[in-house]
């Protein structure tokens, strides 16, 4: 039996929690992998990938207080939980566990990686991207030393054990900075990775999700994505790999160029938003490298109250629920 | 072209919003009423401008142009730059990297005197030769 354990958290200690929270304050999370991009979070997509690769059950570990934890630190709470889950797998007779820390987005050839694990004969295989180790392990839980040990000891063993090495040849995005998030969206829209927008490709390069509205005289220039129940008003222009996420509203005559508009954001009339990420009243300009808070609610704001918006997006809640959803993924 | 009066450099406050524009205009207003006002707004400290602040900047530019003067922006902070671009008014203003450059831009370019080494006409020989010719 094959099981997947996903730790959803900050991808890298270099991504300072405080600064990331100032960029995406509504989420109170410093994890870019938990933000909805092109209709689904990276975590959701990894879960779906696992399931389509034959993984029988998937558990997602998301810490509810990410401000106090750098989840790239293997001594943290999420990792201890993962360690305990590994021990549980050993007791439950699970043959192979695919343990993945989703900070980075990695497109993995799961069958090939599992075969490499079988061929290696080692209890642990760690995946690498070139010389850079990824936080992805394939573990034979039955061969964990000292099954009576606690979760943190298991993780220490995991990181220090002699592990076979497997090179990942697929697409890797580190998701360490907002720029990486933007690159991921653009790469997906330009078909440079396996990730696809969730929705219908209404014409080449333009995807629209269920309930998306594009009003008369608005222009959507490929590649672009209009999310679930998002609205693009008259005389707007959306272009150059821009994505408008769920329940956002782009008001009359605004130009969105090379920009990600995160869920439930309102962008006002007659604006020119370029090379940016918009999250409610926060605008992160990637060219200038600054975050600007727009105090004028007529210019930018949250589109609908959070309760009403109810996006399937962890950022829509004040604190992320700790999930453990076997066989259901994170949907 | 005659340029009269000094160039005034004025600091824009950190927050140029609906609450702050009244105080800002109290300082800037008298300058706008002078003859041929020449004003440089130092935007190095700006962290936030809302639509009221942008309106004030546009109004000030309009008033200076009416009086045959000019208003320029200098040392735009990244935040100010982003907001002005967002609201599509960045190109309306002439902006400079530093206040000094903005101030200098108001000066008339001095015309170098051209040294006249020889008359443009030629004297055909001696004056006597002219008389002989005639």
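Protein chains in written order, with the numbering used here: chain A, 1 to 331; chain B, 1001 to 1134. Don't be surprised by glycine CBs; every beta carbon is placed ideally from N, CA and C.
(1) Pick out whichever of B:1052, B:1024 and B:1065 has its Cα sitting closest to the Cα of residue 1018 (chain B).
(2) Please classify residue 279 (chain A): is it buried, with 16 or more other beta-carbons within 10 angstroms of its beta-carbon, or exposed?
(3) What residues in the stretch 220-253 of chain A have a beta carbon less than 7 Å from any beta carbon of chain B?
(4) Judging by CA-CA distance, which residue of A:2, A:6, A:125 and A:34 is the nearest neighbour of residue 176 (chain A)?
(5) Does residue 1014 (chain B) get closer than 9 Å to chain A when you measure Cβ to Cβ?
(6) I want to verify the contact list: residues of chain B whose CB lies under 8 Å from the CB of residue 272 (chain A), in sequence order.
(7) If we cut at 9 Å on Cβ distances, does residue 1102 (chain B) have a partner in chain A?
(8) In the DSSP assignment, find the unbroken beta strand (DSSP E) run with residue 200 (chain A) in it and report its ends.
(9) Is the beta carbon of residue 103 (chain A) closer than 9 Å to that of residue 174 (chain A)?
(10) When DSSP builds the beta bridges, which residues end up paired with residue 332 (chain A)?
(11) My assumption, with CB atoms under 8 Å, is that residue 273 (chain A) sits in contact with residue 255 (chain A). Please give the rounded CB distance.
(12) Among A:8, A:202, A:53 and A:142, which has the Cα closest to the Cα of residue 91 (chain A)?
(13) Would you call the stretch 104-120 of chain A and the stretch 78-85 of chain A in contact, with 3 or more CB pairs under 8 Å?
(14) Note down, in chain order, every chain B residue with its Cβ under 8 Å from the Cβ of residue 283 (chain A).
(15) Span of the beta strand (DSSP E) holding residue 1098 (chain B)?
(16) State the start and end residues of the unbroken alpha helix (DSSP H) segment that holds residue 1041 (chain B).
(17) Just how far apart, CA to CA, sit residue 163 (chain A) and residue 144 (chain A)?
(18) Please state whether DSSP places residue 135 (chain A) in a helix, a strand or coil.
(19) Could you confirm whether any beta carbon from chain B is found closer than 9 Å to the beta carbon of residue 298 (chain A)?
(20) Taking a Cβ distance cut-off of 8 Å, strictly less, list which residues of the stretch 28-60 of chain A are near chain D, in chain order.
(21) Using 8 Å as the cut-off, can you tell me whether the stretch 1058-1066 of chain B makes contact with the stretch 232-251 of chain A, which would need three or more C-beta pairs spanning the two stretches below that distance?
(22) Whole angstroms is fine: what's the gap from residue 228 (chain A)'s alpha carbon to residue 213 (chain A)'s?
(23) Which residue marks the beginning of the beta strand (DSSP E) containing residue 1073 (chain B), and which one marks its end?
(24) In angstroms, rounded to a whole number, what distance separates the CA positions of residue 1055 (chain B) and residue 1011 (chain B)?
According to the structure data:
(1) What you label residue 1018 (chain B) is simply residue 18 of the second chain in a count that begins at 1. Residue 1018 (chain B) has its Cα closest to that of B:1052, out of B:1052, B:1024 and B:1065.
(2) Taking the first chain and counting its residues from 1, one reaches residue 279 (chain A) at position 279. Label assigned to residue 279 (chain A): buried.
(3) none
(4) Taking the first chain and counting its residues from 1, the one referred to as residue 176 (chain A) is at position 176. The option with the nearest alpha carbon to residue 176 (chain A) is A:34.
(5) Your numbering for residue 1014 (chain B) matches position 14 in the second chain. Output row for residue 1014 (chain B): interface = no.
(6) Reading the first chain from its first residue, position 272 is the one you call residue 272 (chain A). Near residue 272 (chain A) (Cβ distances below 8 Å), the residues of chain B are 1085, 1086, 1087 and 1088.
(7) For this step, residue 1102 (chain B) is matched to residue 102 along the second chain. With 9 Å as the cut-off, residue 1102 (chain B) does not count as an interface residue toward chain A.
(8) Locating residue 200 (chain A) in the first chain gives position 200, counting from the first residue. Here the beta strand (DSSP E) through residue 200 (chain A) covers 200-203.
(9) For the purposes of this step, residue 174 (chain A) is identified with residue 174 of the first chain, where counting begins at 1. For the purposes of this step, residue 103 (chain A) is identified with residue 103 of the first chain, where counting begins at 1. In this structure, residue 103 (chain A) lies closer than 9 Å to residue 174 (chain A) by Cβ.
(10) Since the first and last residues shown for chain A are 1 and 331, residue 332 (chain A) lies out of range.
(11) As a first step, residue 273 (chain A) must be located in the first chain, where it is residue number 273. As a first step, residue 255 (chain A) must be located in the first chain, where it is residue number 255. So it is a contact: roughly 7 Å between Cβ atoms.
(12) By one-based count along the first chain, residue 91 (chain A) stands at place 91. Of the candidates A:8, A:202, A:53 and A:142, the one whose C-alpha sits nearest the C-alpha of residue 91 (chain A) is A:142.
(13) no
(14) On the first chain, residue 283 (chain A) is found 283 positions in, with the first residue counted as 1. Correct list: 1082 and 1086.
(15) Translated into positions along the second chain, residue 1098 (chain B) becomes position 98. No beta strand (DSSP E) contains residue 1098 (chain B), which DSSP labels as neither H nor E.
(16) Numbered from 1 along the second chain, position 41 holds the residue referred to as residue 1041 (chain B). From DSSP, residue 1041 (chain B) is part of no alpha helix (DSSP H) but of the beta strand (DSSP E) over 1038-1042.
(17) As a first step, residue 163 (chain A) must be located in the first chain, where it is residue number 163. As a first step, residue 144 (chain A) must be located in the first chain, where it is residue number 144. Their backbone Cα atoms lie some 12 Å apart in a straight line.
(18) Here residue 135 (chain A) is taken as the residue at index 135 of the first chain, counted from 1. Here residue 135 (chain A) sits in strand by DSSP.
(19) As a first step, residue 298 (chain A) is located in the first chain; it is residue number 298 there, counting from the start. Interface residue, yes.
(20) Within the model displayed, chain D is absent; protein chains A and B are what it includes.
(21) no
(22) Here the question's residue 228 (chain A) lines up with position 228 in the first chain. Here the question's residue 213 (chain A) lines up with position 213 in the first chain. Answer to the nearest angstrom: the Cα atoms are 9 Å apart.
(23) Taking the second chain and counting its residues from 1, the one referred to as residue 1073 (chain B) is at position 73. 1070-1074 is the extent of the beta strand (DSSP E) around residue 1073 (chain B).
(24) As a working mapping, residue 1055 (chain B) is identified with position 55 in the second chain. As a working mapping, residue 1011 (chain B) is identified with position 11 in the second chain. Residue 1055 (chain B) and residue 1011 (chain B): Cα-Cα distance of roughly 17 Å.
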